[in-house]
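See structure below.
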Amino acid sequence: MDALILLGSFIALILIGMPVAYALGLSALIGAWWIDIPFQALMIQVAGGVNKFSLMAIPFFVLAGAIMAEGGMSRRLVAFAGVLVGFVRGGLSLVNIMASTFFGAISGSSVADTASVGSVLIPEMERRGYPREFATAVTVSGSVQALLTPPSHNSVLYSLAAGGTVSIASLFMAGVVPGLLMSACLMVLCLIFARKRDYPKGEVIPLRQALKIAADALWGLMAMVIILGGILSGIFTATESAAIAVLWAFFVTMFIYRDYKWSELPKLMHRTVRTISIVMILIAFAASFGYIMTLMQIPAKITTMFLTLSDNRYVILMCINAMLLLLGTVMDMAPLILILTPILLPVVLGIGVDPVHFGMIMLVNLGIGLITPPVGAVLFVGAAVGKVSIEKTVKALLPFYAVLFMVLIAVTYIPALSLWLPSVVL
Numbered sequence: 001m002d003a004l005i006l007l008g009s010f011i012a013l014i015l016i017g018m019p020v021a022y023a024l025g026l027s028a029l030i031g032a033w034w035i036d037i038p039f040q041a042l043m044i045q046v047a048g049g050v051n052k053f054s055l056m057a058i059p060f061f062v063l064a065g066a067i068m069a070e071g072g073m074s075r076r077l078v079a080f081a082g083v084l085v086g087f088v089r090g091g092l093s094l095v096n097i098m099a100s101t102f103f104g105a106i107s108g109s110s111v112a113d114t115a116s117v118g119s120v121l122i123p124e125m126e127r128r129g130y131p132r133e134f135a136t137a138v139t140v141s142g143s144v145q146a147l148l149t150p151p152s153h154n155s156v157l158y159s160l161a162a163g164g165t166v167s168i169a170s171l172f173m174a175g176v177v178p179g180l181l182m183s184a185c186l187m188v189l190c191l192i193f194a195r196k197r198d199y200p201k202g203e204v205i206p207l208r209q210a211l212k213i214a215a216d217a218l219w220g221l222m223a224m225v226i227i228l229g230g231i232l233s234g235i236f237t238a239t240e241s242a243a244i245a246v247l248w249a250f251f252v253t254m255f256i257y258r259d260y261k262w263s264e265l266p267k268l269m270h271r272t273v274r275t276i277s278i279v280m281i282l283i284a285f286a287a288s289f290g291y292i293m294t295l296m297q298i299p300a301k302i303t304t305m306f307l308t309l310s311d312n313r314y315v316i317l318m319c320i321n322a323m324l325l326l327l328g329t330v331m332d333m334a335p336l337i338l339i340l341t342p343i344l345l346p347v348v349l350g351i352g353v354d355p356v357h358f359g360m361i362m363l364v365n366l367g368i369g370l371i372t373p374p375v376g377a378v379l380f381v382g383a384a385v386g387k388v389s390i391e392k393t394v395k396a397l398l399p400f401y402a403v404l405f406m407v408l409i410a411v412t413y414i415p416a417l418s419l420w421l422p423s424v425v426l
């Protein structure tokens, strides 16, 4: 009955249109009233939920990504990707995915990735003879890997939701191989389409011009080196690397590229603060919701339910994948990470799954949800940037979904894809 009151009130509030963050907070209040917990205890959890040093990484990485996205860095990364793969048949679709890989490793955000790369490449792909819906599908699917590769904001959220027991640096390293695997598989699919549909070849860029483009993009690519190199060498933590990334992004944008006006900075800061405020409110209320769930022993009951269903690790992981995929299509990624991690982590630990590995499983599942209707945030951004209807975009995405599902199966059932690199470098 306790679980019905808590989860039922949350679902009811969502159905009547209340924002997820406030639905979490209000349903936690209802749950506290039901089990006779003082509201003061709940408020302590709300304050404690955002009073964590590691959370500072999120606003810094969001700000760094915003500066890089609007400061001309995405355009230069697209040009650099064109030097590397733009000359093959269907090369512009490969450029799209490779540019998303580069930019995702700087911004850590699929939405920023789609908006930045898509605004440059979707019109250009259409001009070169690619169908606009195909260009949009490539952009949207290619941006999913930004959720895996460092500096992924969602890895920070997962670490927080896991109670801080999972290292952010381990999660950052764990996402590298799955992220690159996803990009490689999508590029293979694009090559198949290019040969089948006879998409145009790009031009080989002369060496002198290619070197100039590479040198111009190097300033942006250095952000990846600074973030990962600093963490791996122990010079600074993941949180400190986020602050360094902001300084580097600001320096490159305002003093090297100089494409961005100083007068636009206050507006950019305002947009970033609004975004961060929403995230922090969500985290705070999710902490109180998780506290009530723990008092009601909901995670333990769900663990028992899964273990009763089957004692086979692979079957349980398949059931969890199906559940995450379904929930990811109807709810945004951040609240699902904060709500489901405390529930599902005991389940997977009970069957011997490494928490870092499970973090990657969760991110891939929910990342696919972001590009799947009816509530796929990245899907809607991509369709808006590409000026294509949701229906046409989803139809063009069907083969890309198949590839992403294959990557999900590989990440789920081959733990070494996620655990090898952290074991080597950390």
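Per the UniProt record's numbering, residue 1 is the first one in the sequence shown, and the count goes up by one each step. Ideal Cβ positions, reconstructed from N, Cα and C, are used throughout, including at glycine.
Sequence-distant partners of residue 20 (beyond 5 residues in either direction) whose C-beta falls short of 8 Å from its own C-beta, in its chain, are 14, 282, 331, 332 and 335. Per DSSP, residue 297 lies in no alpha helix (DSSP H) and is assigned neither H nor E.
As far as DSSP is concerned, residue 392 takes part in no beta bridge. With contacts defined by Cβ atoms closer than 7 Å, residue 152 and residue 175 form a contacting pair. In the three-state reduction of the DSSP assignment, residue 313 falls in the helix class.
DSSP, reduced to helix, strand and coil, places residue 76 within a helical segment of the structure shown.
Residue pairing by DSSP puts residue 89 in a beta bridge opposite 201.
In the same chain as residue 296, and ignoring 5 residues on each side of it, the C-beta atoms closer than 8 Å to its own belong to 2, 3, 6, 31 and 35, in chain order. The three-state secondary structure of residue 375, taken from DSSP, is coil. For residue 260, no alpha helix (DSSP H) segment is defined, and its DSSP state is neither H nor E.
In the DSSP assignment, residue 125 falls within the alpha helix (DSSP H) that extends over 110-127. Residue range 355-370 is occupied by the alpha helix (DSSP H) that includes residue 361. The Cβ atoms of residue 358 and residue 348 sit closer than 7 Å to each other. Rounded to whole angstroms, the gap between the alpha carbons of residue 75 and residue 120 is 7 Å.
Secondary structure remark: continuous alpha helix (DSSP H) runs of at least 4 residues inside the stretch 124-159, in chain order: 132-142. In this structure, 81 is the residue among 365, 81, 387 and 389 with its C-alpha nearest to the C-alpha of residue 210. In this structure residue 363 does not touch residue 173 by the C-beta definition: roughly 14 Å separates them, more than the 8 Å allowed. In the three-state scheme derived from DSSP, where H, G and I count as helix and E and B as strand, residue 283 is classed as helix. In the DSSP assignment, residue 173 falls within the unbroken alpha helix (DSSP H) covering 168-174. DSSP places residue 339 in the helix class (H, G or I) of the three-state scheme.
Remark: C-beta atoms of residue 404 and residue 411 do not approach each other more closely than 7 Å. A distance below 7 Å between beta-carbons, with the five flanking residues on each side excluded, links residue 351 to the following residues of its chain, in chain order: 313 and 316. Residue 162 sits in coil when the DSSP states are folded into three classes, being neither helix nor strand. Around the beta carbon of residue 103, a 10 Å sphere encloses 16 or more other beta carbons of the protein chains shown; the residue is thus reported as buried.
Within the model, the alpha-carbon separation for residue 230 versus residue 366 is close to 29 Å.
Here the alpha carbon of residue 301 sits roughly 22 Å from the alpha carbon of residue 25.
According to the DSSP assignment, residue 14 belongs to the alpha helix (DSSP H) that extends over 2-15.
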